[in-house]
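K.L.:
Here you go, one structure.
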Amino acid sequence: MPAVPLDKLRAIVGPAGVLSGVELSPYVVEGRTPETAVFPGSLDDVRAVVELAAAEGIPIIPWGGGTAAAVGTPIAPARSGLVLGLARLNRIVEHEPGDLTATAEAGTTVASLQAALKTRGQWLSLDPPDADRATVGGVMAANAWGPRRHLYGTARDLVIGMTVVTADGTVVRAGGKVVKNVAGYDLPKLFVGSYGTLGILVDVTVKLRPLPAEERLVAVRFERLKDAAAAARAVMASDVIPNALELLDAEAARALGGGPTLVVGFDGLGEQVDWQCGELQALVSPLGGAGVQAMGADAWPRLAHAAAVALGHQPAALMRLSVLPAQAGEVMEQAAVAARARGLVCACSAHAGVGAVVAALFSDQGQQELTRVVATLGDWRSIARGSGGHAVLEWAPLAVKSQVPVWDDAGAAGRIMQRIKAQLDPQNLLNPGRFVAGI
Numbered sequence: 100m101p102a103v104p105l106d107k108l109r110a111i112v113g114p115a116g117v118l119s120g121v122e123l124s125p126y127v128v129e130g131r132t133p134e135t136a137v138f139p140g141s142l143d144d145v146r147a148v149v150e151l152a153a154a155e156g157i158p159i160i161p162w163g164g165g166t167a168a169a170v171g172t173p174i175a176p177a178r179s180g181l182v183l184g185l186a187r188l189n190r191i192v193e194h195e196p197g198d199l200t201a202t203a204e205a206g207t208t209v210a211s212l213q214a215a216l217k218t219r220g221q222w223l224s225l226d227p228p229d230a231d232r233a234t235v236g237g238v239m240a241a242n243a244w245g246p247r248r249h250l251y252g253t254a255r256d257l258v259i260g261m262t263v264v265t266a267d268g269t270v271v272r273a274g275g276k277v278v279k280n281v282a283g284y285d286l287p288k289l290f291v292g293s294y295g296t297l298g299i300l301v302d303v304t305v306k307l308r309p310l311p312a313e314e315r316l317v318a319v320r321f322e323r324l325k326d327a328a329a330a331a332r333a334v335m336a337s338d339v340i341p342n343a344l345e346l347l348d349a350e351a352a353r354a355l356g357g358g359p360t361l362v363v364g365f366d367g368l369g370e371q372v373d374w375q376c377g378e379l380q381a382l383v384s385p386l387g388g389a390g391v392q393a394m395g396a397d398a399w400p401r402l403a404h405a406a407a408v409a410l411g412h413q414p415a416a417l418m419r420l421s422v423l424p425a426q427a428g429e430v431m432e433q434a435a436v437a438a439r440a441r442g443l444v445c446a447c448s449a450h451a452g453v454g455a456v457v458a459a460l461f462s463d464q465g466q467q468e469l470t471r472v473v474a475t476l477g478d479w480r481s482i483a484r485g486s487g488g489h490a491v492l493e494w495a496p497l498a499v500k501s502q503v504p505v506w507d508d509a510g511a512a513g514r515i516m517q518r519i520k521a522q523l524d525p526q527n528l529l530n531p532g533r534f535v536a537g538i
């Protein structure tokens, strides 16, 4: 791979905007150290850096807050390239309260954006994990979301426009700055969830919502997971409209008091929230629910990591199984059975309303357990496929990733994605090989 021309990069972004040597330690991913990290301060800087990398044939790793940097297939050591960090692009460019829209640069953290919007009584209805580190651009690139997806959807549902620099340095302004934007192809949705493989997101325009008058998070504990799952289905079939519906098995619920737990969020006017909590109590009581207990606001961010931190130490692997919402509870039970059959422990949580099960596998035997960890992950993937869904290995050490595919076979969709990648990044320089189908 060609050497990274540090002098040329410094001429573009300034000496302080180029890191090398030990300064690169925060950007080491899965043992791969980039040649350098460069931090442009403007759209023109981003374009110039990308043009230089394209001319030299140097791979680019877009970097927001780094919260999803380890997701995906490892990049080969010979293709380490440069990290293009967006931390300096952290301004809120525009906020139109009357239009319920805002434009923020890609390096703006979600927490800082929410804090600014809150002063005007509005919010971005998106709650990805680690909001204090996750950036607007990174959230869009990963299509990240949290418990409130149940009511408010994902990043793809909220974006209405963006500015992107493609792999040859072309600046693309897609979408617009108003909600009613129907001209041309909806290009922003192409870049959302592409993990930085199609372009560098520079700024994003999103639609907003007024802050609710009240928000309440409550928990209902059960003796059996199957009863908690039945309660989740009863909620989905009822007249209540929760903004979150989380199902936790006994291991994942340890931090919340233990026992299989259904966590439900409501927002709106105070009277509406009170009524819905009462309806929830009536729904869960016949199914063995112990009673509706209010939770503190600090419980919201813990929900995103409930399974991963269940046993108080790093899991051996983390897998997301996407199935039909009605099957979430059964899939959680099957995953636990599969882990126990291999002599391992697991913790599972689910965004029950969308059928996204997060399963964390724990082992205290290190490399001695590698064979059983790999076999259990294979079992979990088979469980997801048997339910008509799919699975993604969200986190695992390299030793596991070398034996377990991160992504499921995307089939015909993967071939379409490869063709789009070839058109937008013919040199395969943007996050090469990290995403689905090797793109």
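So the mapping is simple: my numbering equals the position in the sequence shown, first residue as 1, plus 99.
Built from N, CA and C at the ideal position, the CB exists for glycine as well.
Quick check: what's the CA-CA separation for C445 versus A331?
P.N.:
As a working mapping, residue 445 is identified with position 346 in the sequence shown. As a working mapping, residue 331 is identified with position 232 in the sequence shown. Near 21 Å, if we compare the C-alpha coordinates of A331 and C445.
K.L.:
Would V436 be called buried (16 or more neighbouring beta carbons within 10 Å of its own) or exposed?
P.N.:
Counting from 1 along the sequence shown, the entry for residue 436 is found at position 337. With fewer than 16 other Cβ atoms within 10 Å, it is exposed.
K.L.:
Sort P196, G165 and L181 by Cα distance to G206 and report the nearest one.
P.N.:
As a first step, residue 206 is located in the sequence shown; it is residue number 107 there, counting from the start. For G206, the nearest C-alpha among the options comes from G165.
K.L.:
Grab the span of the alpha helix (DSSP H) containing E134 for me, first residue to last.
P.N.:
Your numbering for residue 134 matches position 35 in the sequence shown. From DSSP, E134 is part of no alpha helix (DSSP H); its letter is neither H nor E.
K.L.:
Would you mind listing the alpha helix (DSSP H) stretches within the stretch 227-271 that are 4+ residues and don't spill past its ends, in chain order?
P.N.:
Counting only runs of 4 or more, we get 235-241, 248-251 and 254-257.
K.L.:
Count the other CB atoms within 10 Å of the CB of H249; is the residue buried (16 or more) or exposed (fewer)?
P.N.:
By 1-based counting over the sequence shown, the position of residue 249 is 150. Buried: at least 16 other Cβ atoms inside 10 Å.
K.L.:
Among the residues of its own chain, which have a CB less than 6 Å from the CB of L347, if the five just before and after it don't count?
P.N.:
Counted from its first residue, the sequence shown places residue 347 at position 248. Cβ within range, chain order: T360, A405 and S448.
K.L.:
Note the first and the last residue of the continuous alpha helix (DSSP H) segment covering L476.
P.N.:
Residue numbering aside, residue 476 sits at position 377 when the sequence shown is read from its first letter. It spans L469 to G485 - the alpha helix (DSSP H) in which L476 sits, taken as one unbroken run.
K.L.:
Taking Cβ to Cβ, would you say L123 is nearer than 9 Å to V148?
P.N.:
Here the question's residue 123 lines up with position 24 in the sequence shown. Here the question's residue 148 lines up with position 49 in the sequence shown. No, Cβ-Cβ distance for L123 and V148 is not below 9 Å.
K.L.:
Quick one: is Y54 buried, meaning 16 or more other Cβ sit within 10 Å of its Cβ, or exposed?
P.N.:
Any question about residue 54 goes unanswered here, given that the chain covers just 100 to 538.
K.L.:
Hey, how far is the Cα of P287 from the Cα of G274?
P.N.:
For the purposes of this step, residue 287 is taken as the residue at position 188 of the sequence shown. For the purposes of this step, residue 274 is taken as the residue at position 175 of the sequence shown. Distance between the alpha carbons of P287 and G274: 6 Å.
K.L.:
If you draw a straight line from the alpha carbon of Q462 to that of E195, how long is it in whole angstroms?
P.N.:
For the purposes of this step, residue 462 is taken as residue 363 along the sequence shown, with counting starting at 1. For the purposes of this step, residue 195 is taken as residue 96 along the sequence shown, with counting starting at 1. The question names Gln, but residue 462 in the sequence shown is Ser. So the two alpha carbons sit approximately 50 Å from each other.
K.L.:
Determine the direct distance from the alpha carbon of G477 to that of W506, and round the result to whole angstroms.
P.N.:
Taking the sequence shown and counting its residues from 1, the one referred to as residue 506 is at position 407. Taking the sequence shown and counting its residues from 1, the one referred to as residue 477 is at position 378. Going by the C-alpha atoms only, they are around 12 Å apart.
K.L.:
For E370, which option in E314, E345, L382 and G537 has the closest C-alpha, if you only look at C-alpha atoms?
P.N.:
As a working mapping, residue 370 is identified with position 271 in the sequence shown. Checking every option, the nearest Cα to that of E370 belongs to E314.
K.L.:
Would you say E432 reaches chain D, if we count a Cβ-Cβ gap shorter than 9 Å as a contact?
P.N.:
Any reference to chain D falls outside this structure, which holds one protein chain only.
K.L.:
Taking just the CA atoms, how far does V258 sit from D338?
P.N.:
Translated into positions along the sequence shown, residue 338 becomes position 239. Translated into positions along the sequence shown, residue 258 becomes position 159. For D338 and V258, the distance between alpha carbons rounds to 29 Å.
K.L.:
Taking 9 Å as the cut-off, decide whether the C-beta atoms of L316 and L185 are in contact.
P.N.:
The residue labelled residue 316 in the question sits at position 217 within the sequence shown. The residue labelled residue 185 in the question sits at position 86 within the sequence shown. Contact: no.
K.L.:
Measure the C-alpha to C-alpha separation of T172 and K500 and round it to an integer number of angstroms.
P.N.:
For the purposes of this step, residue 172 is taken as the residue at position 73 of the sequence shown. For the purposes of this step, residue 500 is taken as the residue at position 401 of the sequence shown. Computed Cα separation, rounded: 8 Å.
K.L.:
Mind listing, in chain order, the continuous beta strand (DSSP E) runs of no fewer than 3 residues lying wholly within the stretch 110-192?
P.N.:
Correct list: 135-137, 159-162 and 181-184.
K.L.:
Taking the beta carbon of E139 as the centre, do at least 16 other beta carbons fall within 10 Å, making it buried, or is it exposed?
P.N.:
Within the sequence shown, the letter at position 40 stands for residue 139. At residue 139 the sequence reads Pro, which differs from the Glu that was named. Under this definition P139 is a buried residue.
K.L.:
Evaluate the contact criterion for the stretch 425-432 versus the stretch 474-494: three or more CB pairs, one atom per stretch, below 8 Å.
P.N.:
Touching, per the Cβ criterion.
K.L.:
H489 bridges to which residues according to DSSP?
P.N.:
The residue labelled residue 489 in the question sits at position 390 within the sequence shown. Partner(s): S421.
K.L.:
What three-state label does DSSP hand R323 in the structure shown?
P.N.:
As a position in the sequence shown, residue 323 is number 224, starting the count at 1. Looking at R323 - three-state DSSP - the assignment turns out to be coil, as it is neither helix nor strand.
K.L.:
Quick check: the Cα distance between P246 and A458, rounded to an integer number of angstroms?
P.N.:
The residue given as residue 246 occupies position 147 in the sequence shown. The residue given as residue 458 occupies position 359 in the sequence shown. Going by the C-alpha atoms only, they are around 16 Å apart.
K.L.:
Going by beta-carbon coordinates alone, are A240 and G163 separated by less than 9 Å?
P.N.:
Against the sequence shown, residue 240 aligns to sequence position 141. Against the sequence shown, residue 163 aligns to sequence position 64. Yes, the Cβ-Cβ distance between A240 and G163 is below 9 Å.
K.L.:
Which residue or residues does DSSP assign as beta-bridge partners of F461?
P.N.:
Here the question's residue 461 lines up with position 362 in the sequence shown. DSSP, once it has assigned bridges, lists V444 as partnering F461.
K.L.:
Which value, in whole angstroms, describes the spacing of the CA atoms of V503 and P496?
P.N.:
Within the sequence shown, the letter at position 404 stands for residue 503. Within the sequence shown, the letter at position 397 stands for residue 496. The straight-line gap from Cα to Cα measures roughly 11 Å.
K.L.:
Can you list, in chain order, the residues of its chain whose CB lies under 7 Å from that of A254, leaving out five sequence neighbours each side?
P.N.:
In the sequence shown, the residue the question calls residue 254 occupies position 155. These residues qualify, in order along the chain: L225, V238, M239, N242, A243, W244 and V291.
K.L.:
For I340, does the three-state DSSP call read helix, strand or coil?
P.N.:
Walking along the sequence shown from the start, residue 340 turns up at place 241. Note: I340 maps to coil in three-state DSSP.
K.L.:
Give me the residue from L460, V263 and S384 with the minimum Cα distance to A318.
P.N.:
Within the sequence shown, numbered from 1, the residue matching residue 318 stands at position 219. Per the Cα distances, S384.
K.L.:
Since D366 sits in a beta bridge, which residues does DSSP pair it with?
P.N.:
Here the question's residue 366 lines up with position 267 in the sequence shown. DSSP, once it has assigned bridges, lists E314 as partnering D366.
K.L.:
Where in the stretch 358-410 do unbroken runs of the beta strand (DSSP E), each at least 3 residues long, occur, reported from the N-terminal end onward?
P.N.:
Fully enclosed beta strand (DSSP E) runs of 3 or longer: 360-367 and 392-394.
K.L.:
For the alpha helix (DSSP H) containing A210, list its first residue and its last residue.
P.N.:
The residue labelled residue 210 in the question sits at position 111 within the sequence shown. Unbroken alpha helix (DSSP H) run through A210: V209 to K217.
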